[in-house]
Amino acid sequence: MKAAVLVFPGSNCDRDMAVAFRAAGLDVTMVWHKDSALPDGVDIVGIPGGFSFGDYLRCGAIAARSPISRELARHVERGGYALGVCNGFQVLTETGLLPGALVQNASTRFICKTATLRVETSASAFTARYNAGAEIDIPIAHHEGNYRVDDDGLKALQDEDRVAFRYLATPNGALDDIAGVLSANRRVLGMMPHPERAADAATGLTDGAPLFAALADSLVTV
Amino acid sequence: MRATVTVSLKSGVLDPQGEAIRAALGSMGFGGVEAVRQGKVIELDLAAGTTEAQVTEMCEKLLANTVIESYRVEMDP
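Taken in sequence, the protein lines are chains A and B. Counting with the working numbering, you get residues 1 to 222 for the letters of the first sequence. Counting with the working numbering, you get residues 223 to 299 for the letters of the second sequence.
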């Protein structure tokens with residue numbers, strides 16, 4: 001079970017994500033954005049939160065064109081797993097590996113608080129340890145978390161059970177209260193809330209820990 | 223030569239900054255502003271011979287996110 005966590009200039013949740021992966025039993029390698037290869041045998045790539053490249057142009061836009069992001073795309077095309085959190089979700093939409101886009105919060109404000117999410121599906125390697133319908137408390141901290149996708153894209157997400165998480169009360173104006181979405185093969189998850197900030201009792205919240213534990217289950221049995 | 227790329231949010235995509243500007247103009251007493259959309263202008267100084275098609279490719283691949291944004295290219299020789 002090998003994880004790689006990408007590090008861009010301005011990433012600031014990379015070490016938190018590595019800690020959460022390690023706590024679930026994965027070997028973690030940090031990979032700098034200028035590297036042109038992922039370590040051999042990587043099962044999952046984590047794209048962390050932060051402000052890659054200062055959010056210049058659009059959040060995640062420059063990171064999505066980094067050398068390592070081409071390798072990320074190849075990894076996903078081979079059927080590899082990927083988890084993008086917050087800025088990492090923005091990077092995944094900018095690469096086109098997940099549909100839609102994240103625009104400024106409807107309030108125009110940066111929002112930093114604990115959000116209650118409803119787990120919408122347990123049918124993924126990320127959510128298998130939750131019951132569908134479960135409510136979990138996960139921190140959010142973002143300015144561009146307002147999920148947008150066109151009508152056909154939204155219908156596909158709904159019909160294919162690819163909305164992983166919804167906000168109980170949408171903090172940012174996101175379409176259909178969407179907080180996290182899965183790729184068509186269910187192996188790529190992008191979400192604005194930070195499960196890695198809710199994976200250790202020392203930080204006060206632990207509802208994110210089952211996500212990492214479920215990943216470790218799946219990667220063992222692959 | 224120079225290219226000027228204007229990037230705007232597609233109609234129908236909520237523009238919170240534009241809406242905040244509209245509200246501020248209203249509170250300052252400017253009446254009649256029915257809608258504000260904020261975009262961005264990107265100016266490119268280009269080597270001679272760069273084509274509009276190349277600038278369009280730059281827009282498609284980086285300068286605009288065509289999921290939510292539209293763009294317009296103006297070339298100045």
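C-beta atoms are modelled at their ideal positions from N, C-alpha and C, and glycine is treated no differently. Predicted, not measured: the structure shown is a model, and the values here were computed from it.
query = Looking at chain A, which residues of the stretch 275–295 of chain B have a Cβ within less than 7 Å of any of its Cβ atoms?
reply = Leu284, Asn287, Val289 and Ile290
inquiry  = Quick check on the DSSP output: the beta strand (DSSP E) that includes A:Thr29 runs from which residue to which?
reply    = Stepping through the first sequence from its first residue, residue 29 of chain A is reached at position 29. Per DSSP, A:Thr29 belongs to the beta strand (DSSP E) from Asp27 to Trp32.
query = At which residues does the alpha helix (DSSP H) containing A:Asn87 begin and terminate?
reply = On the first sequence, residue 87 of chain A is found 87 positions in, with the first residue counted as 1. Run containing A:Asn87: Asn87 to Thr95, per the alpha helix (DSSP H) assignment.
request  = Give a yes or no on whether the minimum CB-CB distance between B:Ala242 and chain A is below 7 Å.
outcome  = Position 20 of the second sequence, counting from 1, holds the residue named residue 242 of chain B. Yes, its Cβ sits closer than 7 Å to a Cβ of chain A.
query = A:Val181 bridges to which residues according to DSSP?
reply = Counting from one through the first sequence, the residue named residue 181 of chain A turns up at place 181. Its beta-bridge partners are A:Val163 and A:Gly190.
message = Can you pull the chain C neighbours of A:Ala101, defined as C-beta to C-beta under 9 Å?
response = Going by chain labels, chain C is absent from the structure shown, which instead holds the protein chains A and B.
query = Between the C-alpha atoms of B:Val235 and A:Leu26, what's the straight-line distance to the nearest angstrom?
reply = Locating residue 235 of chain B in the second sequence gives position 13, where the first residue counts as 1. Locating residue 26 of chain A in the first sequence gives position 26, where the first residue counts as 1. Rounded to the nearest angstrom, the two C-alpha atoms are 40 Å apart.
task = Look at the Cβ atom of A:Pro193, then the Cβ atom of A:Arg129, and state whether they are nearer than 7 Å.
result = Residue mapping note: residue 193 of chain A aligns to position 193 of the first sequence, counting from 1. Residue mapping note: residue 129 of chain A aligns to position 129 of the first sequence, counting from 1. Taking 7 Å as the Cβ cut-off, A:Pro193 and A:Arg129 do not qualify as a contacting pair.
inquiry  = What does the Cβ neighbour count give for A:Pro171, buried or exposed, with the cut at 16 atoms within 10 Å?
reply    = If you number the first sequence from 1, residue 171 of chain A lands on position 171. Buried is the call here.
ask   = Which chain B residues sit within Cβ distance under 8 Å of A:Gly10?
value = Reading the first sequence from its first residue, position 10 is the one you call residue 10 of chain A. Simply none; closest approach about 18 Å.
ask   = Taking Cβ-Cβ distances shorter than 9 Å, what residues in chain A pair up with B:Pro299?
value = Within the second sequence, the letter at position 77 stands for residue 299 of chain B. Within 9 Å Cβ-Cβ: nothing; B:Pro299 doesn't reach chain A, min ~26 Å.
message = For B:Thr273, count the other beta carbons within 10 Å of its own beta carbon; 16 or more makes it buried, fewer makes it exposed. Which is it?
response = The residue labelled residue 273 of chain B in the question sits at position 51 within the second sequence. Flag for B:Thr273 reads exposed.
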